[in-house]
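J.: This structure is in structure tokens; I'll ask about it shortly.
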Amino acid sequence: MASEGEYESILCVKPDVNVYRIPPRASNRGYRAADWKLDTPDWTGRMRITAKGKVAYIKLEDKVSGELFAQAPVNEYPGIAVETVSDSSRYFVLRIQDDNGRSAFIGVGFGDRGDAFDFNVALQDHFKWVKQENEIKSSQAADSGPKLDLGFKEGQTITLNIGQGKKRDKPRPQSSGGLGLLPPPPGGKIAPPPSSNHNTVQPSGGAQTGCLLELDSSNSNTVVQSNPSSDLWGDFSSSASSVPPPAPRQEPSSGNWVQF
């Protein structure tokens, strides 16, 4: 039950509700609203649903004065305090109690289906909140229990043996098969090219074996390359033979030497 220090909140108010006297249930089958005298309700008033702590109260009051006609405390829903009927969604069976603890079962009904839906949802939301509150308190109680102490006691030590792993040499990357660099010659020096007074270039060729180079005696740096064609050699020979030979050098006469 609710304690004295808890406040009361209003969950739902419905201005029109009908109350019926219901016959005792003869078997285990559910209640049926068709067995009631639906056309002549035994009492008509308003319904107010309140909550105090975890308990909900369904109060039937007079529409004008607000005087309490009956009250049904609900500790759980669905449960024995509020039951539905098997043939309609607008009618319910309530277990009412007085201050002396005496209880009785009455039938209540709503003229509008929406009012019955609101009545059902108001009770469901309240007990959903109650369930969440119980889960929170259970988790807090579990956290407040004795905890495992994993700390070091005074003077307690721990020894760790950590093995040093061997370092592995990283494999050198292998070449992909391209041209590599040649090593430098021994001694670190490169032999100079052979010296020559004439810059002679001899072309290589297997087809023409008579390719020659002639150098002019007046200009040692001039390179003349023969053409494989035989006609060009003929022209070159004719042009070379047309040059007149140099004049012979005259020797001084012996008489002049005698005069000197």
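FYI, in UniProt numbering the residues of the sequence shown are 1 to 260.
Don't be surprised by glycine CBs; every beta carbon is placed ideally from N, CA and C.
No experiment lies behind these values; they were computed from the predicted model shown.
Can you grab the Cα-Cα spacing for the pair I22 / E67, in whole Å?
T.: Within the sequence shown, the letter at position 22 stands for residue 22. Within the sequence shown, the letter at position 67 stands for residue 67. Whole-angstrom Cα-Cα distance: 23 Å.
J.: Over the uninterrupted beta strand (DSSP E) stretch that includes L68, give me the two end residues.
T.: Counted from its first residue, the sequence shown places residue 68 at position 68. Looking at the DSSP string, the run of the beta strand (DSSP E) that includes L68 is L68 to V74.
J.: Does G45 pass the burial test, meaning 16 or more other C-beta atoms within 10 Å, or should it be called exposed?
T.: Taking the sequence shown and counting its residues from 1, the one referred to as residue 45 is at position 45. G45 is buried by the Cβ-count criterion.
J.: Could you check how far apart the C-beta atoms of F105 and R95 are, in whole angstroms? I think they sit under 8 Å.
T.: Counting from 1 along the sequence shown, the entry for residue 105 is found at position 105. Counting from 1 along the sequence shown, the entry for residue 95 is found at position 95. About 6 Å separates the two Cβ atoms, so the contact holds.
J.: Per the contact definition of three or more C-beta pairs closer than 8 Å, is the region 154 to 161 in contact with the region 113 to 123?
T.: Counting Cβ pairs under 8 Å, fewer than three are found: no touch.
J.: Exposed or buried, F69, counting other C-beta atoms within 10 Å across all chains shown (16 or more means buried)?
T.: As a working note, residue 69 is residue 69 in the sequence shown. The residue in question, F69, is exposed, as its Cβ has fewer than 16 Cβ neighbours within 10 Å.
J.: Any idea which residues DSSP pairs N18 with across the strands?
T.: Locating residue 18 in the sequence shown gives position 18, where the first residue counts as 1. Per DSSP, T44 and G109.
J.: Do S88 and A33 have their C-beta atoms within less than 8 Å of each other?
T.: Numbered from 1 along the sequence shown, position 88 holds the residue referred to as residue 88. Numbered from 1 along the sequence shown, position 33 holds the residue referred to as residue 33. Yes, they are a contact pair.
J.: Could you tell me if I80 is buried or exposed, where buried requires 16 or more neighbouring beta carbons within 10 angstroms of its beta carbon?
T.: Mapped onto the sequence shown, residue 80 falls at position 80. Exposed, since its Cβ has fewer than 16 Cβ neighbours within 10 Å.
J.: Closer than 7 Å by C-beta to I10: which residues in its own chain qualify, once you throw out the five before and the five after it? Chain order, please.
T.: Taking the sequence shown and counting its residues from 1, the one referred to as residue 10 is at position 10. If we look at I10 and ignore the five residues flanking it on each side, its Cβ neighbours are R48 and T50.
J.: How about V55 and N75: are their beta carbons less than 8 Å apart?
T.: The sequence position of residue 55 within the sequence shown is 55, counting from 1. The sequence position of residue 75 within the sequence shown is 75, counting from 1. Yes; because the gap between Cβ atoms is below 8 Å, this pair is in contact.
J.: Can you name, in chain order, every residue of its own chain whose Cβ lies under 6 Å from the Cβ of S103, other than the five neighbours on each side?
T.: Taking the sequence shown and counting its residues from 1, one reaches residue 103 at position 103. Taken in chain order, the residues that qualify are R95 and Q97.
J.: Per DSSP, which one or two residues make a beta bridge with R95?
T.: The residue you call residue 95 lines up with position 95 of the sequence shown. Answer by DSSP bridge pairing, in chain order: F105.
J.: On the criterion of 16 or more Cβ atoms from any shown chain inside 10 Å, does C12 qualify as buried, or is it exposed?
T.: Translated into the one-based positions of the sequence shown, residue 12 becomes position 12. It is buried - the Cβ of C12 has at least 16 other Cβ atoms within 10 Å.
J.: From the DSSP secondary-structure annotation, give me the bridge partner or partners of E8.
T.: If you number the sequence shown from 1, residue 8 lands on position 8. In DSSP, E8 forms a bridge with K52.
J.: Which residues in the same chain have their Cβ closer than 7 Å to the Cβ of H126, if we skip the five residues on either side of it in sequence?
T.: Position 126 of the sequence shown, counted from the start, is the residue given in the question as residue 126. So the list reads L11, A51 and A56, once near-sequence residues are dropped.
J.: Measure the Cβ-Cβ separation of W43 and V19 and say whether it is below 8 Å.
T.: Walking along the sequence shown from the start, residue 43 turns up at place 43. Walking along the sequence shown from the start, residue 19 turns up at place 19. Closer than 8 Å, so yes.
J.: What's the C-alpha gap between P24 and S139?
T.: Here the question's residue 24 lines up with position 24 in the sequence shown. Here the question's residue 139 lines up with position 139 in the sequence shown. Each residue's Cα considered, the two are about 44 Å apart.
J.: Confirm, please, whether the CB-CB distance from Y7 to V85 is below 8 Å.
T.: As a first step, residue 85 must be located in the sequence shown, where it is residue number 85. As a first step, residue 7 must be located in the sequence shown, where it is residue number 7. Contact: no.
J.: Whole angstroms are fine: how far does the CA of P78 sit from the CA of K137?
T.: Sequence index remark: in the sequence shown, residue 137 carries index 137 (1-based). Sequence index remark: in the sequence shown, residue 78 carries index 78 (1-based). Near 23 Å, if we compare the C-alpha coordinates of P78 and K137.
J.: Taking DSSP as the reference, what is the three-state secondary structure of L123?
T.: The residue given as residue 123 occupies position 123 in the sequence shown. It is helical.
J.: On the DSSP letters alone, give me the boundaries of the beta strand (DSSP E) that residue 262 sits inside.
T.: Beyond the ends of the chain as shown, which are 1 and 260, falls residue 262; an answer cannot be given.
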